[in-house]
Amino acid sequence: MTHQDIHVEGMTCGHCVETVTQAVNSLEGVSRVDVDLDKKQVAVDYDENRTDLGRISSKIIEVGFEVISN
Ligand SMILES: [Cu+2]
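This is the structure we're talking about:
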């Protein structure tokens with residue numbers, strides 16, 4: 004299991020949090036999503052054999068938010 008904290012810009016309210024949470028949760032191999040709106044951080048636990056950061060980032064972008072790479 005891999006843990007990543009992803010910096011996401013554009014989330015402004017609980018609806019955004021819900022959208023991102025559901026989108027990332029829908030991906031195969033993702034076991035936990037925790038969005039911190041204040042920190043603009045999306046914490047994800049995933050199975051690195053079944054998905055990767057690129058796919059997770061693409062999904063977040065697909066639903067309308069911006070992923071900032073470190
Ligand atoms: Cu919102």
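Adding 3 to a residue's 1-based position in the sequence shown gives its number in this note's numbering.
All C-beta atoms in this analysis are idealised placements derived from N, C-alpha and C, irrespective of residue type, glycine included.
Predicted model only: the values in this text are computed from it and were never measured.
> Whose beta carbon lies closer than 5 Å to any heavy atom of ligand 1, going through the chain in order?
Replying inline: Any residue whose Cβ sits closer than 5 Å to a heavy atom of ligand 1 makes the list: T15, C16, H18 and C19.
>> Cutting at 7 Å between CB atoms, please list the residues of its own chain near V23, excluding the five before and the five after it.
In response: V11, M14, V38, V45, I63, V66 and F68.
> Who does R35 pair with in a DSSP beta bridge?
Replying inline: Paired residue(s): D48.
>> Looking at the strands, I want to know which residues DSSP matches up with E1.
In response: As displayed, the chain neither begins before 4 nor continues past 73, which places residue 1 out of reach and without an answer.
> Out of curiosity, what's the CA-to-CA distance linking T54 and D41?
Replying inline: C-alpha separation (whole angstroms): 27 Å.
> How close, in whole Å, do the beta carbons of S34 and D50 come, if the pair is a contact with beta carbons under 8 Å?
Replying inline: Taking a contact as a CB-CB distance under 8 Å, the pair S34 and D50 counts as one, their CB atoms being some 7 Å apart.
> Just to confirm, are V70 and V47 a CB contact at a threshold of 8 Å?
Replying inline: No; because the gap between Cβ atoms is not below 8 Å, this pair is not in contact.
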